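Below: the structure, in C-alpha coordinates.
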Amino acid sequence: MRKSNEPMLWFLFGAGGVLAAFLAPIHILLTGIIGPAGGLGSSFEYEHVLALVSHPVTKLYLLALISLPLFHWAHRFRFTVVDLGLRASKRAIAVTFYGVAAIGSILSALIIVRL
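In our numbering, the protein residues as written are 77 to 191.
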(Lines of atoms letter the chains of each structure in order from A and count residues from 1; the text may use other names and numbers.)
(Lines give C-alpha, C1' and ligand atoms only; values in the text may rest on other atoms or scores of the structure.)
Protein backbone atom coordinates (compact mmCIF):
# COMPACT_ATOMS: atom_id res chain seq x y z
CA MET A 1 0.00 0.00 0.00
CA ARG A 2 1.36 3.39 -1.04
CA LYS A 3 1.73 6.09 1.60
CA SER A 4 -0.22 9.29 1.16
CA ASN A 5 0.86 12.83 1.94
CA GLU A 6 -2.74 13.87 2.64
CA PRO A 7 -2.41 13.88 6.47
CA MET A 8 0.43 16.41 6.29
CA LEU A 9 -1.52 18.59 3.86
CA TRP A 10 -4.61 18.45 6.08
CA PHE A 11 -2.43 19.39 9.07
CA LEU A 12 -1.09 22.44 7.23
CA PHE A 13 -4.63 23.30 6.12
CA GLY A 14 -6.00 23.09 9.66
CA ALA A 15 -3.13 24.97 11.28
CA GLY A 16 -3.29 27.69 8.65
CA GLY A 17 -7.03 28.04 9.14
CA VAL A 18 -6.65 28.41 12.90
CA LEU A 19 -3.93 31.04 12.53
CA ALA A 20 -5.88 32.89 9.86
CA ALA A 21 -9.02 32.88 12.02
CA PHE A 22 -7.57 33.71 15.43
CA LEU A 23 -4.15 35.36 15.21
CA ALA A 24 -4.25 37.27 11.92
CA PRO A 25 -7.15 39.57 12.94
CA ILE A 26 -5.46 40.38 16.26
CA HIS A 27 -2.16 41.01 14.49
CA ILE A 28 -3.84 43.28 11.94
CA LEU A 29 -5.72 45.13 14.68
CA LEU A 30 -2.57 45.77 16.72
CA THR A 31 -0.10 46.59 13.95
CA GLY A 32 -2.46 48.08 11.39
CA ILE A 33 -4.95 50.09 13.43
CA ILE A 34 -4.14 50.54 17.13
CA GLY A 35 -0.36 50.96 16.73
CA PRO A 36 -0.43 53.64 14.01
CA ALA A 37 -3.22 55.45 15.86
CA GLY A 38 -0.92 55.84 18.87
CA GLY A 39 -2.71 53.35 21.08
CA LEU A 40 0.46 51.39 21.87
CA GLY A 41 2.49 54.43 22.90
CA SER A 42 6.27 54.22 22.72
CA SER A 43 6.20 50.44 22.26
CA PHE A 44 5.30 50.95 18.59
CA GLU A 45 8.39 53.03 17.80
CA TYR A 46 10.77 51.71 15.14
CA GLU A 47 13.59 50.70 17.49
CA HIS A 48 11.27 48.77 19.80
CA VAL A 49 9.50 46.98 16.96
CA LEU A 50 12.86 46.12 15.34
CA ALA A 51 14.11 44.66 18.63
CA LEU A 52 10.90 42.65 18.98
CA VAL A 53 11.07 41.33 15.42
CA SER A 54 14.74 40.42 15.85
CA HIS A 55 13.89 37.92 18.61
CA PRO A 56 13.92 34.26 17.42
CA VAL A 57 10.50 33.46 18.93
CA THR A 58 8.96 36.41 17.10
CA LYS A 59 10.58 35.25 13.88
CA LEU A 60 9.01 31.81 14.31
CA TYR A 61 5.65 33.45 15.01
CA LEU A 62 5.90 35.58 11.86
CA LEU A 63 6.94 32.61 9.75
CA ALA A 64 3.97 30.59 11.02
CA LEU A 65 1.64 33.59 10.58
CA ILE A 66 2.68 33.90 6.93
CA SER A 67 3.39 30.37 5.74
CA LEU A 68 0.61 28.31 7.35
CA PRO A 69 -2.21 30.45 5.91
CA LEU A 70 -0.49 30.12 2.51
CA PHE A 71 -0.85 26.35 2.76
CA HIS A 72 -4.44 26.80 3.94
CA TRP A 73 -5.10 28.85 0.81
CA ALA A 74 -3.38 26.28 -1.41
CA HIS A 75 -5.41 23.40 -0.02
CA ARG A 76 -8.72 25.26 -0.22
CA PHE A 77 -8.03 26.66 -3.69
CA ARG A 78 -6.87 23.28 -4.99
CA PHE A 79 -10.15 21.61 -4.11
CA THR A 80 -12.17 24.61 -5.31
CA VAL A 81 -10.54 24.45 -8.75
CA VAL A 82 -11.06 20.68 -8.92
CA ASP A 83 -14.72 21.11 -7.91
CA LEU A 84 -15.14 23.70 -10.65
CA GLY A 85 -14.33 21.06 -13.23
CA LEU A 86 -10.57 20.82 -13.75
CA ARG A 87 -10.42 17.19 -12.65
CA ALA A 88 -8.18 15.96 -15.47
CA SER A 89 -5.06 17.61 -14.11
CA LYS A 90 -5.45 17.10 -10.34
CA ARG A 91 -1.76 16.39 -9.83
CA ALA A 92 -0.61 19.46 -11.77
CA ILE A 93 -3.06 21.63 -9.83
CA ALA A 94 -1.81 20.26 -6.51
CA VAL A 95 1.84 20.71 -7.44
CA THR A 96 1.18 24.26 -8.66
CA PHE A 97 -0.75 25.49 -5.62
CA TYR A 98 1.34 23.74 -2.97
CA GLY A 99 4.45 24.85 -4.87
CA VAL A 100 3.33 28.47 -4.71
CA ALA A 101 2.71 28.08 -0.97
CA ALA A 102 6.13 26.48 -0.49
CA ILE A 103 7.89 29.20 -2.50
CA GLY A 104 6.03 31.88 -0.55
CA SER A 105 7.05 30.22 2.71
CA ILE A 106 10.69 29.95 1.65
CA LEU A 107 10.81 33.58 0.54
CA SER A 108 9.16 34.64 3.80
CA ALA A 109 11.69 32.63 5.79
CA LEU A 110 14.59 34.24 3.91
CA ILE A 111 13.22 37.72 4.56
CA ILE A 112 12.43 37.02 8.21
CA VAL A 113 15.89 35.55 8.87
CA ARG A 114 17.48 38.77 7.61
CA LEU A 115 15.51 40.94 10.07
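Note that the Cβ used here is the ideal one computed from N, Cα and C, for glycine as well.
Predicted, not measured: the structure shown is a model, and the values here were computed from it.
Helix, strand or coil at residue i [DSSP, three-state]
i      : result
Gly164 : According to the sequence displayed, residue 164 carries Ala and not Gly. Three-state result, Ala164: coil.
Ser184 : helix
Top-ranked residue by Cα proximity to residue i, from the options
i      : options                        : result
Gly93  : Leu141, Val189, Ile169, Gly108 : Leu141
Ile182 : Ser165, Phe153, Leu138, Arg163 : Leu138
Phe87  : Lys79, Leu144, Val171, Ile109  : Leu144
His148 : Thr134, Ser119, Ala178, Lys135 : Ala178
Lys135 : Glu82, Leu186, Lys79           : Leu186
TODO: Any chance you could list the alpha helix (DSSP H) runs of at least 4 consecutive residues sitting entirely within the region 78 to 127, in chain order?
DONE: Complete alpha helix (DSSP H) runs here, min 4: 82 to 94, 100 to 104.
TODO: Kindly provide the ranges of any alpha helix (DSSP H) runs that are 4 or more residues long and lie completely inside the region 136 to 181, ordered along the chain.
DONE: Runs found: none.
TODO: Indicate whether the contact test is met: 3 or more Cβ pairs, each with one atom in the region 165 to 176 and one in the region 108 to 124, closer than 8 Å.
DONE: No, because fewer than three Cβ pairs between the region 165 to 176 and the region 108 to 124 fall closer than 8 Å, the two stretches do not touch.
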